[in-house]
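What follows is a short report on a single structure.
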Amino acid sequence: MDFENGIGSDPEIQKAMQDELKRQREGLEMIPSENFTSMAVLEAMGSILTNKYSEGYPGKRYYGGNQYIDVIEKAAQERAKKLFGVPYANVQPYSGSPANLAIYLAVCKPGDTIMGMNLTDGGHLTHGWKTSETGMMFNSIPYHVKADGLIDVEEARKLAAEHKPKLIWIGATAYTRPLPFKEFAEIAEQCGAYLVADISHVSGLVVAGAHESPVNYVHIIMTTTHKTLRGPRGAMIMVTEKGMKKDPELGEKVDKVIFPGMQGGPHNHTTAGIAVALKEAATPQFKAYGNQIVKNSRALAEQLKKNGIKLVTDGTDNHMVLIDLTPFGKGLGVFVQDALDQAGITVNKNTIPKEPASAFYPSGIRLGTPALTTRGMKEPEMREVGDLISQVIQETMKILPNKVLPDDKEARQAAIRAFKEQLPSNAKFKELKARVLVLCNRFPLYPKL
Ligand code: DSN
Numbered sequence: 027m028d029f030e031n032g033i034g035s036d037p038e039i040q041k042a043m044q045d046e047l048k049r050q051r052e053g054l055e056m057i058p059s060e061n062f063t064s065m066a067v068l069e070a071m072g073s074i075l076t077n078k079y080s081e082g083y084p085g086k087r088y089y090g091g092n093q094y095i096d097v098i099e100k101a102a103q104e105r106a107k108k109l110f111g112v113p114y115a116n117v118q119p120y121s122g123s124p125a126n127l128a129i130y131l132a133v134c135k136p137g138d139t140i141m142g143m144n145l146t147d148g149g150h151l152t153h154g155w156k157t158s159e160t161g162m163m164f165n166s167i168p169y170h171v172k173a174d175g176l177i178d179v180e181e182a183r184k185l186a187a188e189h190k191p192k193l194i195w196i197g198a199t200a201y202t203r204p205l206p207f208k209e210f211a212e213i214a215e216q217c218g219a220y221l222v223a224d225i226s227h228v229s230g231l232v233v234a235g236a237h238e239s240p241v242n243y244v245h246i247i248m249t250t251t252h253k254t255l256r257g258p259r260g261a262m263i264m265v266t267e268k269g270m271k272k273d274p275e276l277g278e279k280v281d282k283v284i285f286p287g288m289q290g291g292p293h294n295h296t297t298a299g300i301a302v303a304l305k306e307a308a309t310p311q312f313k314a315y316g317n318q319i320v321k322n323s324r325a326l327a328e329q330l331k332k333n334g335i336k337l338v339t340d341g342t343d344n345h346m347v348l349i350d351l352t353p354f355g356k357g358l359g360v361f362v363q364d365a366l367d368q369a370g371i372t373v374n375k376n377t378i379p380k381e382p383a384s385a386f387y388p389s390g391i392r393l394g395t396p397a398l399t400t401r402g403m404k405e406p407e408m409r410e411v412g413d414l415i416s417q418v419i420q421e422t423m424k425i426l427p428n429k430v431l432p433d434d435k436e437a438r439q440a441a442i443r444a445f446k447e448q449l450p451s452n453a454k455f456k457e458l459k460a461r462v463l464v465l466c467n468r469f470p471l472y473p474k475l
């Protein structure tokens, strides 16, 4: 069979894969939750490990033939425990959202009160947002950020005292400052809640010492493995010493919810990729990498500010920068995202605190430096990238006839369509795209592929 000779047997998919590789190579990848894994992680992911079923846990499997899978999963667990300083790790969650659901089910019952950061303030869907099952299954009390963009710890303290949540989340998807673990530990202590740190975005920084670790403050830590940690798409749930003290059976409860409670066979190729990524993350090179991500992010923020671009919290201490476009108009994120795409810069439109438009048509742009840092870019390149982004924004505002996104659905679609249609022929975007390509070519990506 042709298929035995490789992906060439499926030219349609092969071409899309090649096109995607070219896109990753020739553009600036600035979605803060994305990264480029090492070749070692890629090899683990594209391996024969995908062939095996292994329901259960090492030494306690439902199917035979798992002796080597056990080696891999045990290595992943041990590496996670050592790296984060925790007594317990489950490396099987398929990704962050199911991992978070598993945490709820391990410590709460449907209808219980929970607290998380409001989505449009930078929180995650699974921290209790109204359209997520987590916001429907539980009584969700959101806390917010203040006018300066920082988490409103005092509001969270009052809400926790009033509503006595069973579980509190500390973690975010669009937040540029350190997460206040210590303050939230006091809040959780006062109402007896489980405190869970969702460090999906910053786990690579935590490992590198570029963000404080939550390990001494929270009961449970969840992280996805594909963001700053540079592993494959997956997730881990870890229970801390503090969590084990609160409930000595917490680890077993998490295990039971993941399997048989929620999932079937673990994705063994992913588990191997996670193990490899954790080995990489333990190296001095990774420490330097994590710190460089933050240096790059700060350099990018400074350059944007120099060019008159407004930032939420006026800067950054982590891997992320959040542009506030409201000085130009309401709900303009969609236009800037499309224009940046045209110039070869991939970002995502995002809500900003006190979003004046909507979650789907927000007024911000979220940027991140993990992937560019992986390519080897440093502060001088970030200043160049800051200039490129500023010029895209300026050109966007120049060509947008009306700086307001229409409220009417059809008028809105027409405005977005009309804007998109003119992008390919715009001379300024062509020039910026050419500059992006020159920059990317100086930092080759996956030269061995
Ligand atoms: N989608 C992820 C992010 O971009 O932050 C979170 O799930």
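For the sequence shown, my numbering gives the first residue as 27, with consecutive numbering after it. The beta carbon of each residue, even a glycine, is placed where N, CA and C say it ideally should be.
Whole-angstrom distance between residue j and residue i, CA atom to CA atom
i, j, result
"Leu351", "Met288", "41 Å"
"Ala325", "Ile129", "37 Å"
"Thr400", "Met65", "12 Å"
"Val67", "Lys429", "44 Å"
"Asn92", "Lys305", "22 Å"
"Ala298", "Ser73", "9 Å"
"Lys456", "Ala444", "18 Å"
"Arg392", "Ala102", "31 Å"
"Pro258", "Met43", "17 Å"
"Asp281", "Arg468", "46 Å"
"Ser35", "Lys41", "11 Å"
"Tyr472", "Phe62", "9 Å"
"Thr339", "Ala173", "9 Å"
"Ile39", "Tyr220", "45 Å"
"Gly359", "Pro382", "12 Å"
"Asn77", "Ala211", "43 Å"
"Ala308", "Gly111", "12 Å"
"Glu405", "Asp178", "32 Å"
"Asp434", "Gly235", "48 Å"
"Pro113", "Pro432", "53 Å"
"Gly277", "Met264", "8 Å"
Three-way DSSP call (helix, strand, coil) for residue i in this model
i, result
"Met484", "Only positions 27 to 475 of the chain appear in this structure, which leaves residue 484 out of reach."
"Met56", "coil"
"Asp281", "helix"
"Asp273", "coil"
"Arg259", "coil"
"Tyr387", "coil"
"Tyr130", "helix"
"Ala453", "helix"
"Ser166", "strand"
"Arg392", "strand"
"Asn374", "strand"
"Leu348", "strand"
"Thr266", "coil"
"Leu337", "strand"
Beta-carbon separation (whole angstroms), residue i vs residue j, contact threshold 8 Å
i, j, result
"Gly148", "Val117", "With a Cβ gap of about 27 Å, Gly148 and Val117 do not count as contacting."
"Val411", "Leu366", "Actually they are not in contact, since the Cβ atoms of Val411 and Leu366 sit about 11 Å apart, beyond 8 Å."
"Gly230", "Thr254", "3 Å"
"Lys454", "Glu421", "5 Å"
"Phe285", "Gly82", "7 Å"
"Asn333", "Ala200", "Contact doesn't hold; Cβ gap of about 21 Å is too wide."
"Leu127", "Thr152", "7 Å"
"Pro191", "Ile225", "The Cβ separation is near 20 Å, so there is no contact."
Residue from the options with nearest C-alpha to residue i
i, options, result
"Cys466", "Met163, Gly370, Gln311", "Gly370"
"Ala261", "Gly34, Leu151, Pro292", "Pro292"
"Gly19", "Asn344, Lys279, Gly137", "The structure shown has nothing for residue 19, since the chain only spans 27 to 475."
"Gln318", "Pro396, Leu205, Ala308, Ala115", "Pro396"
"Ser323", "Leu348, Lys48, Asp273", "Leu348"
"Leu109", "Tyr315, Val232, Met141, Pro379", "Val232"
"Asp138", "Ser121, Asn165, Met403", "Asn165"
"His415", "Leu47, Asp45, Met56", "The question names His, yet the displayed sequence has Ile at residue 415. It is Met56."
"Asp96", "Ala106, Gly85, Ile39", "Gly85"
"Asn242", "Ile442, Met270, Lys321, Gln439", "Met270"
"Leu458", "Lys48, Glu46, Leu47, Gly53", "Gly53"
"Ala301", "Arg461, Thr251, Gln311, Leu330", "Thr251"
"Gln439", "Phe386, Leu176, Ser121", "Phe386"
"Pro379", "Arg49, Leu176, Glu436, Val133", "Leu176"
"Leu274", "Pro124, Lys100, Leu75, Val133", "A small correction: the amino acid at residue 274 is Pro; Leu does not occupy that position in the sequence shown. Residue Val133 is the option with its Cα nearest to Pro274."
"Glu238", "Gly316, Met163, Lys268, Gly161", "Gly316"
"Gly122", "Gln363, Thr249, Thr342", "Thr249"
"Glu60", "Gln448, Gln368, Tyr120, Met346", "Met346"
beta-carbon residue i near the ligand DSN non-hydrogen atom, thresh 7 Å
i, result
"Gly149", "no"
"Ser323", "no"
"Ser59", "yes"
"Glu199", "Sequence check: residue 199 is Thr here, not Glu. Yes; taking the cut-off as 7 Å, the Cβ of Thr199 has a heavy atom of the ligand DSN nearer than that."
"Gly32", "no"
"Gly122", "yes"
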